[in-house]
Amino acid sequence: MRILGIDPGSRITGFGVVSVLRNGRLQYVASGCVRAPKGDIAQRLKTVYDGVAEVIRAYQPTTLAIEKVFMARNADSALKLGQARGAAIAAGANHALPLAEYTALQIKRAVVGRGAADKRQVQHMVRALLGLSGAPPADAADALAAAICHAHHANGVGALLRPRRRRGRGLRGLLK
256 MRILGIDPGS
266 RITGFGVVSV
276 LRNGRLQYVA
286 SGCVRAPKGD
296 IAQRLKTVYD
306 GVAEVIRAYQ
316 PTTLAIEKVF
326 MARNADSALK
336 LGQARGAAIA
346 AGANHALPLA
356 EYTALQIKRA
366 VVGRGAADKR
376 QVQHMVRALL
386 GLSGAPPADA
396 ADALAAAICH
406 AHHANGVGAL
416 LRPRRRRGRG
426 LRGLLK
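The numbering used here numbers the first residue of the sequence shown as 256 and each following residue consecutively.
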């Protein structure tokens with residue numbers, strides 16, 4: 256399986272491609288950023304669409320993993336982010352890629368082990384998990400993290416990453 260992870264943005268859209276090997280290990284393929292020009296939103300969305308489509312043609316992923324839109328403080332920013340996300344999803348749909356969507360919390364938990372991780376922690380863990388010589392740029396690291404998250408969920412590791420409800424009997428359970 257080859258996974259294209261996308262970290263959508265109206266100005267910078269990160270992408271990351273990983274392969275899941277037969278032994279379940281992850282192999283880095285490529286990563287980078289699609290940079291949209293300032294100005295007209297229609298042109299920026301076209302750039303996102305064209306950039307993601309080019310990545311799909313170049314690396315032939317079998318599935319697309321993308322971060323879900325979160326509710327931002329600024330409604331205008333959230334709308335633009337949603338539009339960029341839609342452009343990336345449309346590029347994947349036009350290449351018949353199955354879509355997997357994850358929240359930022361799910362992605363961070365899958366890669367770092369906790370949902371409140373910051374960007375540097377995500378970059379560090381992406382570097383470590385993929386055996387990279389250096390940390391990728393933040394947007395590319397977030398996209399690689401989305402791909403890694405999907406690899407874990409697709410291989411059944413996702414159940415291990417969900418928070419567990421603690422059930423116990425307190426001290427009584429320890430004394431038996």
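Here a beta-carbon is modelled for each residue, glycine too, at the ideal position from N, C-alpha and C.
Out of Ala348, Gly347 and Lys323, state which residue places its alpha-carbon closest to the alpha-carbon of Leu336.
-> Ranked by how close their Cα comes to the Cα of Leu336, the residues Ala348, Gly347 and Lys323 have Lys323 in first place.
Taking 8 Å as the threshold, find out whether the stretch 260 to 273 comes into contact with the stretch 335 to 349 through three or more Cβ pairs.
-> In short, these stretches touch, since the Cβ pair count reaches three.
For Gln338, the residue or residues it bridges with in DSSP = The partner list for Gln338 (beta bridge, DSSP) is empty, contrary to what the question assumes.
Residues near Arg422 in its chain [Cβ-Cβ closer than 7 Å; skip 5 each side] | Unreliable placement is indicated for Arg422, whose pLDDT of 45 sits below 50; the coordinate value is still reported in the next sentence. Leaving aside the five residues that flank Arg422 on each side, none in its chain has a CB nearer than 7 Å to its CB.
What are the residues that DSSP puts in a beta bridge with Thr317?
-> In the DSSP assignment, Thr317 forms no beta bridge with any residue.
Indicate whether the contact test is met: 3 or more Cβ pairs, each with one atom in the stretch 282 to 291 and one in the stretch 356 to 367, closer than 8 Å.
-> By the Cβ criterion, the stretch 282 to 291 is not in contact with the stretch 356 to 367, since fewer than three pairs of Cβ atoms, one from each stretch, lie closer than 8 Å.
Proximity winner among Ser388, Tyr357 and Asp331, relative to Gly260 (alpha-carbon distances) | Of the candidates Ser388, Tyr357 and Asp331, the one whose C-alpha sits nearest the C-alpha of Gly260 is Tyr357.
Beta-bridge pairing of Ala468 - partner residues as DSSP gives them | Given that the chain is displayed from residue 256 to residue 431, the structure contains no residue 468 and the question cannot be resolved.
To which residues of the same chain is Leu360 closer than 8 Å at the C-beta, ignoring the five residues directly before and after it?
-> Within the same chain, Leu360 has close Cβ partners Gly370.
CB-CB under 8 Å to Ser274, same chain, minus the five flanking residues each way: which ones, in chain order?
-> Cβ neighbours of Ser274 beyond the five flanking positions: Met256, Arg257, Ile258, Leu281, Gln282 and Val284.
From the DSSP output, in three-state form, read off Val307 for me.
-> Three-state DSSP puts Val307 in a helix.
Would you kindly report the start and end of the unbroken beta strand (DSSP E) that includes Ala285?
-> Counting along the chain, the beta strand (DSSP E) containing Ala285 begins and ends at Leu281 to Arg290.
CB Val310 to CB Ala291, shorter than 7 Å?
-> Their beta carbons are not under 7 Å apart, which means Val310 does not touch Ala291 by this criterion.
Could you check what DSSP says for Asp397 in three-state terms: helix, strand or coil?
-> Three-state result, Asp397: helix.
Can you name the start and end residues of the beta strand (DSSP E) that Leu259 belongs to?
-> Boundaries of the beta strand (DSSP E) around Leu259: Arg257 to Asp262.
For Val367, write down the residues that DSSP places opposite it in a beta bridge.
-> Beta-bridge pairing links Val367 to no other residue.
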